[in-house]
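Taking it in order: structure first as structure tokens, then the write-up.
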Amino acid sequence: MTQKILIVDDEPNILTLMEQALESLEDEGVELITARNGEEALEIIKTEKPNLVFLDVMMPKMNGLQVCHIVKHDLQMADVYIVILTAKGQEFDKQKGIEVGADLYLTKPFRPKEVLEKSIQVLGF
Numbered sequence: 000m001t002q003k004i005l006i007v008d009d010e011p012n013i014l015t016l017m018e019q020a021l022e023s024l025e026d027e028g029v030e031l032i033t034a035r036n037g038e039e040a041l042e043i044i045k046t047e048k049p050n051l052v053f054l055d056v057m058m059p060k061m062n063g064l065q066v067c068h069i070v071k072h073d074l075q076m077a078d079v080y081i082v083i084l085t086a087k088g089q090e091f092d093k094q095k096g097i098e099v100g101a102d103l104y105l106t107k108p109f110r111p112k113e114v115l116e117k118s119i120q121v122l123g124f
């Protein structure tokens, strides 16, 4: 079964950076999918059921915390591993991320190597 990673960010340069960080996983058969806002992300999560989601917090239409809450609580998709990406590193924000069900919290700017290592760990390579 193909493993899938969804990258959600409204900043094109962040999407590109994330794709570049993870493109080596495509050789392992991992499919990389991108979305530019929360609504789009939610639709993709429902239809594609990605194994791993990198989710930006500050986005148009629906923010990452709302998406995470819907996926984890309303849709009961506990097996989708969600990493919240945010420029906000305050403890309060981390607490909010944990409350909505995020599995991990990464603060921007992140290191591409860190993103890749985490992905390998989550997907079990």
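Just so you know, we're using numbering that gives the first Met the number 0 here: the sequence shown kicks off at 0 and counts up by one.
By construction, the Cβ of each residue, glycine as well, lies at the ideal position given by its N, Cα and C atoms.
Model, not experiment: these values are computed from the prediction.
Q: State the beta-bridge partners of A34 as determined by DSSP.
A: V7
Q.
With the cut-off set at 7 Å, would you say L21 and L31 are in Cβ contact?
A. yes
Q) Cβ atoms of M61 and G37: under 7 Å apart, would you say? A) yes
Q. Where in the region 46 to 115 do unbroken runs of the alpha helix (DSSP H), each at least 4 residues long, occur, reported from the N-terminal end onward?
A. 63 to 68, 90 to 98
Q) For Q2, which three-state DSSP category applies? A) coil
Q. What residue from G123, P59, P108, P111 has the CA that sits closest to Y80's CA?
A. G123
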